[in-house]
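Engineer: The structure under discussion is supplied below as structure tokens; questions concerning it will follow.
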Amino acid sequence: MHSTSKVLLILSVAIYCISFQAGAQTMPDQQSTTGPIPPPSVLDKGEMKMIPPEQGGASQIIDGVPAYSWRHGCGPTALGMVVGFYDGRGFPDLFDGDASIQTWEVLTGIASQGDGVRGEGEQQHYEDYALPKDDEAPAAIPDSSETYPDGCHVSNSIADFMHTSWSADGNLYGWSWSSITISAFTSYVSLRNPDYIPTASMYWKGNGTLTWAILTEEIDNDRPMVFLVDSDGNGGTDHFVTVIGYSDGPPQQYGCLDTWFPYGQVRWCDFATMGSGVDWGIHSGWTFSMENPEEGEGEPCQENPEQCPKPQGGQYVTGDELCLCVPCPASEATAYSWSKDGTPLSNGGRVFGADERTLQIILLETGDSGLYSCTYDDGFKAEQVFEAQVAVVERVPAISMLGIISLVAIVGAVGMRSVKRRR
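Have a look at this one:
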């Protein structure tokens, strides 16, 4: 073999190896293409075995992941459930109000909507990108994304950062690309609170990076995932789901909230690679985590910061100072409201801290006896009630030292007389 041929052969092998390695690390970008109603070919959840198999296997489900219905795209809705979960786990700025249910504030955070008419009134995600509706069109109809950022509202929802329905990206109404999932998560979180530290990673089932070990580790540590799957088994991706559980089986399965009715019912699917004839086969998956900053709201909760002698209540005497403190967990952002026997307390006179974590009442009186309660949230948007029973008794008058000496002398004298009489 000539030297030139050898060089060409070596170069060909090197190029092949480099291409193979690159293929092992990345996979082609894929879309979701479903709408608010599952395709006819997708098996209804009511007809499925909606409990994990128990043939000797273990199953695990994360508690507290909110079940949201399809909101202008399965991608932002599935990602929104992850955001809503963390909103109730110490990151309360991600959605306004209670994120455990799909309120208007949650809907707005997933995909913002204005007056519902393109070019008239308030323009948000829906008006800029979902209109004109093209979900049944053969190709994307141009929308405001064609001139972004000119003529567009300022991005304020998950769907904005995920480029859902953007005609400029080739998306029809409700469609999203897989490659932008991570940036959508981190950008939205940073918008809501720049101090939060979001992280996310992407894995592919086809090249072996999305493993069973990754799934079980995330679920066991209460970290919901997102999968992009092929719901109807036609060999192409079409739907994002929020993964909240697993079952060892056999077969090994993942449990997900699929954004379709009934919304809170977990769908169990085989942990299998996407392919023709494989319903709910997996293309890719994402892990997510959140951290608070090292300072400020992220500082550990300090028990009894005012060093109350009896922070949980107890018995006191008149004239003492009452000092009650709500136990951890609690945060600086928590709102407190103290009451006594059901009547709200207010600051003033002898009362201090009626709207703070530590309640103080000076110069106690017997009338201060009763059940003290504080309504607050524990930093997870869950209302809590702390109760402390307080009893105030009259102080026994102190006997002076002179009185004690006189009493001892009298008792001693009486004793001496008794002894003399016996003699």
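Residue numbers for the sequence shown follow my numbering, so the first one is 973 and each next one is one higher. For every residue, glycine included, the Cβ atom is placed at its ideal position computed from N, Cα and C.
1) Can you tell me whether T1214 is buried or exposed, with buried defined as 16 or more other CB within 10 angstroms of its CB?
2) Tell me which residues share the same chain as A1109 and place their Cβ nearer than 7 Å to its Cβ, disregarding the 5 neighbours each side in the sequence.
3) Using 8 Å for Cβ pairs, my map puts E1359 next to S1345. What's the rounded Cβ distance?
4) Assign T1049 to one of two classes, buried (16 or more other C-beta atoms within 10 Å of its C-beta) or exposed (fewer than that).
5) Between the segment 1254-1267 and the segment 1187-1206, are three or more C-beta pairs nearer than 8 Å?
6) Near T1188, what residues of its chain come up, given a Cβ to Cβ distance below 6 Å and the 5 sequence neighbours on each side ignored?
7) In the DSSP assignment, find the unbroken alpha helix (DSSP H) run with T1080 in it and report its ends.
8) Can you tell which of C1280, P1281 and V1362 has its C-alpha closest to the C-alpha of K1312?
9) What residue does the beta strand (DSSP E) around I1073 start on, and which one ends it?
10) Answer yes or no: do Q1032 and D1242 have a C-beta to C-beta separation smaller than 8 Å?
11) Quickly, what does DSSP pair C1228 with across the bridge? List them, please.
12) What first and last residue would you give for the alpha helix (DSSP H) that runs through P1048?
13) Quick check: the Cα distance between T1181 and P1234, rounded to an integer number of angstroms?
14) Between the alpha carbons of T1245 and N1179, how many angstroms are there, rounded?
15) What does DSSP give as the partner residues of P1316 in its beta bridges?
16) Taking 6 Å as the limit between beta carbons, can you name the residues of its chain near V1357, skipping five residues before and five after?
17) Give the DSSP bridge partners of I1033, in chain order.
18) Return the chain-ordered list of same chain residues with a C-beta closer than 6 Å to the C-beta of I1152, the five sequence neighbours on each side being excluded.
19) Between which residues of its own chain and V1194 is the CB-CB distance below 7 Å, once the five residues before and five after are set aside?
20) Does the distance from the CB of I1169 to the CB of G1052 come in under 8 Å?
21) DSSP has Q1356 in a bridge; who is on the other side?
22) Determine the extent of the alpha helix (DSSP H) in which V1161 is found, giving its start and end residues.
23) Which residue from Q1332, E1328 and G1314 puts its Cα closest to that of G1321?
24) Do Q1002 and S1150 have their C-beta atoms within less than 8 Å of each other?
25) Is the beta carbon of D1210 sitting closer than 8 Å to the one on S1004?
26) Tell me the DSSP secondary structure of W1252 in three-state form.
27) Please state whether the Cβ-Cβ distance between R1090 and L1079 is less than 8 Å.
28) Terminal residues of the continuous alpha helix (DSSP H) containing A1185?
29) Extract the residue ranges of the alpha helix (DSSP H) inside the segment 1105-1160, only unbroken runs of 4 or more that lie entirely within it.
Structural biologist: Taking the structure as given:
1) The count along the sequence shown starts at 1 and reaches residue 1214 at position 242. By the 10 Å Cβ count, T1214 comes out buried.
2) Against the sequence shown, residue 1109 aligns to sequence position 137. Same-chain partners within the cutoff: L1144.
3) Numbered from its first residue, the sequence shown carries residue 1359 at position 387. Numbered from its first residue, the sequence shown carries residue 1345 at position 373. Right, their Cβ atoms sit about 5 Å apart.
4) Position 77 of the sequence shown, counted from the first residue, corresponds to residue 1049. The residue is buried, with at least 16 neighbouring Cβ atoms inside 10 Å.
5) As far as the Cβ criterion goes, the segment 1254-1267 touches the segment 1187-1206, which means the pair count is three or higher.
6) In the sequence shown, residue 1188 corresponds to position 216, counting from 1. Sequence-distant partners of T1188 (beyond 5 residues in either direction) whose C-beta falls short of 6 Å from its own C-beta, in its chain, are Y1218.
7) In the sequence shown, counting from the first residue as 1, residue 1080 sits at position 108. Annotation: the continuous alpha helix (DSSP H) that includes T1080 extends over W1076 to I1082.
8) Here residue 1312 refers to the residue found at position 340 when the sequence shown is read from its first residue. Cα-wise, what sits closest to K1312 is V1362.
9) Within the sequence shown, numbered from 1, the residue matching residue 1073 stands at position 101. Taken as a continuous stretch (DSSP letters only), I1073 belongs to no beta strand (DSSP E), as it is neither H nor E.
10) Against the sequence shown, residue 1032 aligns to sequence position 60. Against the sequence shown, residue 1242 aligns to sequence position 270. No, these two residues do not count as a Cβ contact at 8 Å.
11) Your numbering for residue 1228 matches position 256 in the sequence shown. DSSP output for C1228 lists V1215 and R1239 as bridge partner(s).
12) Residue numbering aside, residue 1048 sits at position 76 when the sequence shown is read from its first letter. Segment C1046 to D1059, the alpha helix (DSSP H) holding P1048.
13) Start at 1 with the first residue of the sequence shown, and residue 1181 comes out as number 209. Start at 1 with the first residue of the sequence shown, and residue 1234 comes out as number 262. Cα to Cα, T1181 sits roughly 32 Å from P1234.
14) Within the sequence shown, the letter at position 273 stands for residue 1245. Within the sequence shown, the letter at position 207 stands for residue 1179. Roughly 9 Å separates the two Cα atoms.
15) Mapped onto the sequence shown, residue 1316 falls at position 344. Looking at the DSSP output, P1316 bridges to S1311.
16) Taking the first residue of the sequence shown as 1, we reach residue 1357 at position 385. If you ignore the 5 residues before and after V1357, its C-beta comes within less than 6 Å of the C-beta of S1345 and T1347, all in its own chain and listed in chain order.
17) To locate residue 1033, count along the sequence shown from 1; it is residue 61. I1033 is bridged by DSSP to G1217.
18) Position 180 of the sequence shown holds residue 1152. Around I1152: M1134 and H1135.
19) Along the sequence shown, one-based indexing puts residue 1194 at 222. The residue you asked about is not Val; residue 1194 is Asp in the sequence shown. Sequence-distant partners of D1194 (beyond 5 residues in either direction) whose C-beta falls short of 7 Å from its own C-beta, in its chain, are I1034.
20) Residue numbering aside, residue 1169 sits at position 197 when the sequence shown is read from its first letter. Residue numbering aside, residue 1052 sits at position 80 when the sequence shown is read from its first letter. No. Outside cutoff.
21) As a working note, residue 1356 is residue 384 in the sequence shown. According to DSSP, Q1356 bridges with Y1348.
22) As a working note, residue 1161 is residue 189 in the sequence shown. T1153 to R1164 is the extent of the alpha helix (DSSP H) around V1161.
23) Counted from its first residue, the sequence shown places residue 1321 at position 349. Of the candidates Q1332, E1328 and G1314, the one whose C-alpha sits nearest the C-alpha of G1321 is Q1332.
24) Taking the sequence shown and counting its residues from 1, one reaches residue 1002 at position 30. Taking the sequence shown and counting its residues from 1, one reaches residue 1150 at position 178. The beta carbons of Q1002 and S1150 sit closer together than 8 Å.
25) Looking up residue 1210 in the sequence shown gives position 238. Looking up residue 1004 in the sequence shown gives position 32. Yes, the Cβ-Cβ distance between D1210 and S1004 is below 8 Å.
26) What you label residue 1252 is simply residue 280 of the sequence shown in a count that begins at 1. Note: W1252 maps to coil in three-state DSSP.
27) For this step, residue 1090 is matched to residue 118 along the sequence shown. For this step, residue 1079 is matched to residue 107 along the sequence shown. Against a cut-off of 8 Å, the Cβ pair of L1079 and R1090 comes out as no contact.
28) By 1-based counting over the sequence shown, the position of residue 1185 is 213. A1185 -> alpha helix (DSSP H) spans W1184 to D1192.
29) Segments of the alpha helix (DSSP H) lying fully in the segment 1105-1160: 1130-1133.
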